[in-house]
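What follows is a short report on a single structure.
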Amino acid sequence: MSLLEQIQSKIYELSKEERSRLREWFDEFEGDSWDLEFDENITEKKFDAEASKAKSGFVDGKFKEV
Numbered sequence: 002m003s004l005l006e007q008i009q010s011k012i013y014e015l016s017k018e019e020r021s022r023l024r025e026w027f028d029e030f031e032g033d034s035w036d037l038e039f040d041e042n043i044t045e046k047k048f049d050a051e052a053s054k055a056k057s058g059f060v061d062g063k064f065k066e067v
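Numbered according to this note's numbering, the sequence shown spans residues 2 to 67.
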């Protein structure tokens, strides 16, 4: 049995309250993971080309009001 299958099996054993706490923890974990990945992408300048393109388009009037 894989680790994922073991975890899934254990989740079925949790009470409603425990599942709620797990869900809250996992949401926070995912948010923190996303923040770290975003920060790494900024540090590695992965968004620079797209940001520059967007700024140029805005200056050139190529945008839509939302």
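For each residue, glycine too, the CB sits at the ideal point set by N, CA and C. Model, not experiment: these values are computed from the prediction.
Per DSSP, the continuous alpha helix (DSSP H) segment holding residue 41 begins and ends at 17 to 44. If you check the CB distance, residue 23 and residue 15 come in under 8 Å. Sequence-distant Cβ neighbours of residue 10 in its own chain, meaning closer than 8 Å and more than five residues away, are 2.
For residue 60, the three-state secondary structure derived from DSSP is helix.
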